[in-house]
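Going by our numbering, the sequence shown opens with residue 1, and the numbers climb by one from there.
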Amino acid sequence: MAENASSSSSLHIAGGDDELMLDGFESGWVEARTHCDHLGSLSSDLIHIPPPGTPCNRCEHPEENWLCLCCKDVLCSRFVNKHMLEHYQQKHHNLALSYSDLSVWCFSCDAYLDAQVILPLRPVYETAYILKFGNAPPFRAIDYPQGVDKEANT
Ligand SMILES: [Zn+2]
Ligand SMILES: [Zn+2]
Ligand SMILES: [Zn+2]
């Protein structure tokens with residue numbers, strides 16, 4: 001059918017490398033949902049996951065792949081050979097974690113999910129973070145799960 005892959009370019013994930021995670025976190029975090037109705041498909045064992053350097057299971061693309069949170073397949077992004085996207089289209093596994101920036105994407109919501117607010121996503125986010133960086137993530141304080149825009153208006 002009509003390919004509609006054009007609603008792009010609101011995703012500026014700030015470089016982040018030159019800033020401390022704690023400081024760059026709020027500003028670099030793309031708008032992420034704090035609620036998702038598709039978590040029922042999450043794998044029941046997300047403690048044991050492949051390491052971030054795992055190549056794409058189909059094309060062997062070496063890095064910045066996605067981890068399917070439903071079956072733990074590692075597949076490349078839509079900017080490489082779209083194997084994660086294909087996987088979703090074929091199997092309807094709609095939740096994936098990016099090994100490049102540890103964001104979680106829901107294909108059904110068509111949005112990023114906030115892995116710190118959505119509790120079922122926290123363990124795998126934390127595990128992936130530790131695998132990638134060697135220490136536990138700096139979870140930010142969470143006040144209201146409904147994404148209240150809390151900006152310092154001073
Ligand atoms: Zn969803
Ligand atoms: Zn691939
Ligand atoms: Zn899968």
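For each residue, glycine too, the CB sits at the ideal point set by N, CA and C.
Annotation: residue 39 to residue 120 spans about 8 Å, alpha carbon to alpha carbon. By the CB criterion at 9 Å, residue 33 and residue 114 fall inside the cutoff.
As the crow flies, the alpha-carbon of residue 137 is around 15 Å from that of residue 118.
In the three-state DSSP reduction, residue 128 falls in the helix class (H, G or I). In the three-state reduction of the DSSP assignment, residue 99 falls in the coil class, being assigned neither a helical nor a strand state. Short of 6 Å from the beta carbon of residue 106, and not among the five residues preceding or following it, lie these beta carbons of its own chain, in chain order: 36, 38, 94, 95 and 113.
Annotation for residue 130: 136 place their beta carbon closer than 7 Å to its own, counting only its chain and skipping 5 residues before and after. Contact annotation: residue 99 and residue 64 have beta-carbon atoms nearer than 9 Å.
Looking from the CA of residue 132, the closest CA among 52, 43 and 67 belongs to 52. Look at residue 121 here: in three-state DSSP terms it is helix. Cβ contact annotation for residue 81 (same chain, cutoff 8 Å, sequence separation greater than five): 56, 58, 59 and 61, in chain order. Contact residues of ligand 3 (beta-carbon closer than 5 Å to any heavy atom; chain order) are 68, 70, 71, 73 and 93.
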